[in-house]
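Here is the structure we will look at.
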Amino acid sequence: MDLDAIVIGAGPAGLSTASALARRGGSVAVIDPAARAGGAIHTVREDGWSVELGPNTLQLEGKADADLLGELGLAQEIQEADVRGAKRLIASQGQIHALTANPRSILHSNLLSWRGKLNLLLEVFQSRESIHGETVQSFAERRFGTEVAERIFDPMINGIHAGDPGRLVLEHAFPSLARLERDHRSILLGLWRSPSEPRKIVQFAGGLQRLTEAMVGQLPKGTLHLQSTTTLIHRDSRGWNVAWRNARGEESGAQAKSLIITAPPWQWSHLVGAEILKPVLHAAELVEAPPVALVVRGYEREQVQHPLDAFGMLIPHREGRKILGVLFPSSSFPNNTPEGSVQLACFIGGARNIALGRMEDSQLREVVDTELRDLLGVKGAPKKEWIARWSRAIPQYTHHHGRFLGALESTEALHPGLHFVGSFRGGISLMSTLRRGSELGSRLPRG
Ligand SMILES: Cc1cc2nc3c(=O)[nH]c(=O)nc-3n(C[C@H](O)[C@H](O)[C@H](O)COP(=O)(O)OP(=O)(O)OC[C@H]3O[C@@H](n4cnc5c(N)ncnc54)[C@H](O)[C@@H]3O)c2cc1C
Numbered sequence: 005m006d007l008d009a010i011v012i013g014a015g016p017a018g019l020s021t022a023s024a025l026a027r028r029g030g031s032v033a034v035i036d037p038a039a040r041a042g043g044a045i046h047t048v049r050e051d052g053w054s055v056e057l058g059p060n061t062l063q064l065e066g067k068a069d070a071d072l073l074g075e076l077g078l079a080q081e082i083q084e085a086d087v088r089g090a091k092r093l094i095a096s097q098g099q100i101h102a103l104t105a106n107p108r109s110i111l112h113s114n115l116l117s118w119r120g121k122l123n124l125l126l127e128v129f130q131s132r133e134s135i136h137g138e139t140v141q142s143f144a145e146r147r148f149g150t151e152v153a154e155r156i157f158d159p160m161i162n163g164i165h166a167g168d169p170g171r172l173v174l175e176h177a178f179p180s181l182a183r184l185e186r187d188h189r190s191i192l193l194g195l196w197r198s199p200s201e202p203r204k205i206v207q208f209a210g211g212l213q214r215l216t217e218a219m220v221g222q223l224p225k226g227t228l229h230l231q232s233t234t235t236l237i238h239r240d241s242r243g244w245n246v247a248w249r250n251a252r253g254e255e256s257g258a259q260a261k262s263l264i265i266t267a268p269p270w271q272w273s274h275l276v277g278a279e280i281l282k283p284v285l286h287a288a289e290l291v292e293a294p295p296v297a298l299v300v301r302g303y304e305r306e307q308v309q310h311p312l313d314a315f316g317m318l319i320p321h322r323e324g325r326k327i328l329g330v331l332f333p334s335s336s337f338p339n340n341t342p343e344g345s346v347q348l349a350c351f352i353g354g355a356r357n358i359a360l361g362r363m364e365d366s367q368l369r370e371v372v373d374t375e376l377r378d379l380l381g382v383k384g385a386p387k388k389e390w391i392a393r394w395s396r397a398i399p400q401y402t403h404h405h406g407r408f409l410g411a412l413e414s415t416e417a418l419h420p421g422l423h424f425v426g427s428f429r430g431g432i433s434l435m436s437t438l439r440r441g442s443e444l445g446s447r448l449p450r451g
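The numbers in our numbering rise by one with no breaks, and the one at position 310 of the sequence shown is 314.
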């Protein structure tokens, strides 16, 4: 079988690459050992509840992102987060503080002391420095002071990366901040001079699973090979030869011009026959992705004292709490929860709490009971509960990352037609992953 491309992995990266190629009439095979497509996307629909057990939302950064969803036929299904979702709560020093997308809300809140606010404003006078490999924490302290680092950057990193700001490298994890300093000297001045398009936080009626369904729906029949593992990856003068075996033990194979690896780096050593990956395997094995457990609960509205008038609550590490944060999906997207009920999604674990991320269900329940009672005044037993575990959740762009990226680039240069795409490279968010996959799929050679 002669194809345009073979894609290893049917997560958002693999499916967006394959569906973009298929939209151009290209031929493709997608291979994944999992029983369902979509990678980390996992929506459970049950008795009027639509619950996300993986990513919760998509962040659209401009028209191109909306256009991409349009190409997937999802334009009519986009739901924008309810305005209440615009607020983010930060639990700090026994109090809950509300911030909005407007940076001025920081000054109006009591999250920072007057000294902390002054240090934040003095950032406009800071000189430019370019520190190779600087961590997010050191950057935040250097430019904005310790309070901003501890009370704003730190919980944000908990929420986005489940990471450790003292280990994530700024130029990889937040390249836009590094660019602002380089181009404008001051981050605040840069934001003021070149305001970015407001970001939209969106979902779909029917949950993020609609993304998977839409991308799979654009693949010709017989293209997606689930419960299948590669048994050969080899390149000769005619292109890439890949063989795979399905759950029934049946072997298939194809030859293609392009090979796209989207499986996570820690799985590459299991891609049988992939000798070409040898030069990147060492760097790939150093990619950290700590465990995260997700406990989603449904309560009667009256069981929760807090008004839940926000997107969710983030918690700085120094607070010593056992959850990273809690989302309020029923506030942002009320249609996902039956009338009269609320949905709370607690994240546990991450780079600084690895043991917590691996706890038994009974321990997770105890932690969530205590934290929800303390933080939101939740009373009584939940009427619904879902628990998901991600043993390797989100790739961390730490000081190894530069070397890893270098290894990917040199391997691609050595093997024409080979591409690596996924959240392990160029951004961890779902939307940026979809964007990169789709961009690759729309330029792969055909015919
Ligand atoms: C708990 C959690 C919450 C998140 N929340 C958000 C959020 O709210 N917003 C947001 O923007 N992003 C969020 N993310 C990140 C988002 O899920 C990722 O950006 C996205 O899933 C990356 O897609 P991917 O295809 O690179 O990887 P994945 O989704 O991990 O997919 C990788 C695929 O490769 C397959 N695979 C594994 N081994 C092999 C193999 N040997 N051969 C072939 N295939 C293989 C897997 O089965 C899987 O299908 C979250 C992630 C997690 C884990």
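From the three backbone atoms N, C-alpha and C, an ideal C-beta is built for every residue, glycine too.
If one requires a minimum length of 4 residues, the alpha helix (DSSP H) runs lying completely within the stretch 357-420 are 358-361, 365-380 and 405-418, in chain order. Counting along the chain, the unbroken beta strand (DSSP E) around W53 starts and ends at W53 to E56. Under the DSSP assignment, F148 falls in the alpha helix (DSSP H) whose first and last residues are V140 to F148. With respect to the C-alpha of F424, the residue from R440, W248 and E127 having the closest C-alpha is R440.
When rounded, the separation of the alpha-carbon atoms in D6 and V284 is 27 angstroms. Annotated as proximal: L290 and H404, with beta-carbon spacing under 7 angstroms.
Sequence-distant partners of D187 (beyond 5 residues in either direction) whose C-beta falls short of 8 angstroms from its own C-beta, in its chain, are G194. Under DSSP, G316 shares a beta bridge with R92 and L331. The residues W53, S54, V55, Q207, G211, P333, S334 and Q347, in chain order, have a CB closer than 8 angstroms to that of N340 in the same chain once the five nearest residues on each side in sequence are set aside. Counting C-beta pairs with one atom in each stretch, the stretch 154-167 and the stretch 346-360 have three or more that are closer than 8 angstroms, which means they touch.
Assigned with DSSP and collapsed to three states, D6 falls in strand. DSSP places K67 in the helix class (H, G or I) of the three-state scheme. Where E255 is concerned, the enclosing beta strand (DSSP E) starts and stops at E255 to I265.
Placement of the Cβ of H274 at a distance of less than 6 angstroms from at least one heavy atom of ligand 1 is found. Remark: C-beta atoms of G43 and P16 approach each other more closely than 7 angstroms. For W244, there is no enclosing alpha helix (DSSP H); the residue is found in the beta strand (DSSP E) stretching over G243 to R249. Taking C-beta separations shorter than 6 angstroms and ignoring five residues to either side along the sequence, the partners of P449 in its chain run K261, following chain order. A Cβ-Cβ separation of about 5 angstroms places E375 in contact with I327 under the 8 angstroms criterion.
Considering only D71, A267, I35 and I264, the residue with the shortest C-alpha distance to Q231 is I35.
Taking a contact as a CB-CB distance under 8 angstroms, the pair V152 and N123 counts as one, their CB atoms being some 7 angstroms apart. By the Cβ-count criterion, L223 is buried, with 16 or more other Cβ atoms from all chains shown falling within 10 Å of its own Cβ. Judged by their CB atoms, V296 and W394 are nearer to each other than the 7 angstroms cut-off. As DSSP reads the structure, E50 sits in a beta bridge with W53. Here the C-alpha atom of R447 lies approximately 14 angstroms from the C-alpha atom of I10. Scanning its chain for C-beta atoms nearer than 6 angstroms, with the 5 sequence neighbours on each side dropped, one finds around E201 the residues G66, in chain order.
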